[in-house]
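Taken in order, the sequence shown gives residues 4 to 333; the numbers are from the numbering used here. Note that beta-carbon positions come from the ideal geometry of N, C-alpha and C, so glycine has one too.
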Amino acid sequence: MKNANALARLAAAAVILGAGTAAAQEAPDWLGGELRKPLSETRIGITVLYPGSNAYQAKYAETAEQYTQELGLDATVMDPQGDPATQFNQIQDMVSQNMDAIVVWPTSQNALIPAIRDAARGDIPVITSNSPIGEAGRRYVQAHTGPDDCTQAAQAAEMLGNALEGEGDIVVVEGTPGYTVSILRKNCFLDTLADQFPDVTILASQTAEWNREKAQTVMETYLTQYGDQIDGVYAFDDGMGLGVISALKGAGKAPGDVKVVTANQFGEGWDMMKEGWMTGSNKQSPVDDAILAIQTAVKVANGIEVPELQTIETPKVTPETVEEFERPTW
């Protein structure tokens, strides 16, 4: 009788264990295929540009932490603090740990290519997120996810050109030189401006490295140099746009005196638009950005085909439409 009871307990335990394993291997609806192993055993490494530099990157990193925990992934989110050498080493460490997939928000267009190549040669799929790497390294990347920065820049040129009624003098506040997003948000803006608004003149263009305080300093210098000649400003992101507005306020300008257009609206930028300081921006969600990258990484880790490029929507936001969009939480 004792042996019979022991066998019964073992059988019951086996049923419970089997049920737990099956549940652990249940594929989420968005996966589009079967799991090769439980999500809890799927190891994903994520390295994010520099979460400490602005609210968007901070929200992206926070979402990456929360969403990987929600999925039950064995995931690590790392901060290279904007340093390509640090991020290079992080990728190499992830390769040595034989991760199932790696998500990289690149700090550099070209400096990371050798590390990403090593991952590809080790059969570890790499997803680039938000900013693509240089053309020479894209053969080593399984997929890229994020906003279409060229479209955003074209939208900015259209909003600023229309606000100026096709003519005027503007200044530009750029992101970090050599960074892919900076290149796209500059070149596509310039192309659209030249094609559609040839009577809009650029007085000066200078980097503020995605930093709000540096953007304020750059704009203060512009105001000293050009004063009332400045009709408009294009800042590569909303954080720098807020620095520009601080400089305009300090110079005694009133809302709307200078048309300010950015990309990637923040919560405070939404407020400034309602107050008349901001002329145009677009919606870009770091939550959508991070989730798309992680879902794509899980797919490729399970051998599921994904498009080479997947983008998130970035609709225009203007004073006329701002109430149609929820205030960003970042």
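The Cβ-Cβ distance between M162 and K319 falls below 8 angstroms.
F328 has its alpha-carbon roughly 12 angstroms from the corresponding atom of S288.
In this structure G272 is in contact with G244, their Cβ atoms being roughly 6 angstroms apart against a cut-off of 8 angstroms. The closest CA to that of A88, considering only E278, Q112, A78 and E68, is found on Q112. Spanning the alpha carbons of V303 and S99 requires a straight line of approximately 19 angstroms.
In this structure, K62 places its C-beta atom within 8 angstroms of the C-beta atom of V290. Partner residues in the beta bridge of D172, as assigned by DSSP, are T204. Along the region 246-290, the beta strand (DSSP E) occurs as fully enclosed runs of 3 or more residues at 262-264, listed in sequence order. Put simply, the backbone Cα of G169 is about 5 angstroms away from that of F200. Rounded to the nearest whole angstrom, the CA to CA distance from V236 to I248 is 10 angstroms. Put simply, of N57, L34 and A30 the residue whose alpha carbon is nearest the alpha carbon of E308 is L34. A residue is called buried once 16 or more other Cβ atoms fall within 10 Å of its Cβ, and Q90 is buried on that count. Between the alpha carbons of I105 and G230 lies a distance of about 48 angstroms.
For T321, the closest of K262, A139, G140 and E212 by C-alpha to C-alpha distance is K262.
Distance between P258 and D151, taken at the CA atoms: about 29 angstroms.
Note: Q209 is bridge-paired with V176 in the DSSP secondary-structure output. As DSSP reads the structure, M162 sits in no beta bridge.
Within the same chain, W213 come within 6 angstroms of S56 by CB-CB distance, once the 5 residues on both sides are set aside.
Where I49 is concerned, the enclosing beta strand (DSSP E) starts and stops at R46 to T50.
In the three-state scheme derived from DSSP, where H, G and I count as helix and E and B as strand, A238 is classed as strand. Just measuring C-alpha positions, the residue of Q298, Y53, V175 and V221 sitting nearest I205 is V175. Note: T131 is bridge-paired with V107 and H147 in the DSSP secondary-structure output. Note: Q313 is bridge-paired with T148 in the DSSP secondary-structure output. Per DSSP, M222 is one residue of the alpha helix (DSSP H) stretching across R215 to Y229.
Annotation for A197: the continuous alpha helix (DSSP H) segment containing it runs T183 to Q199. The criterion of a C-beta distance shorter than 8 angstroms is not satisfied by K252 and V325. Around V264, the same chain offers A159, M162, L163, Y237, T282 and G283 as residues with beta carbons nearer than 6 angstroms, after the five sequence neighbours per side are excluded. With a cut-off of 8 angstroms on Cβ pairs, the region 110-126 is not in contact with the region 62-82, counting fewer than three such pairs. For V98, the enclosing alpha helix (DSSP H) covers residues P87 to S99. If you draw a 10 Å sphere on the C-beta of N133, you find 16 or more other C-beta atoms in it, and that means buried. For D77, the enclosing beta strand (DSSP E) starts and ends at D77 to M81.
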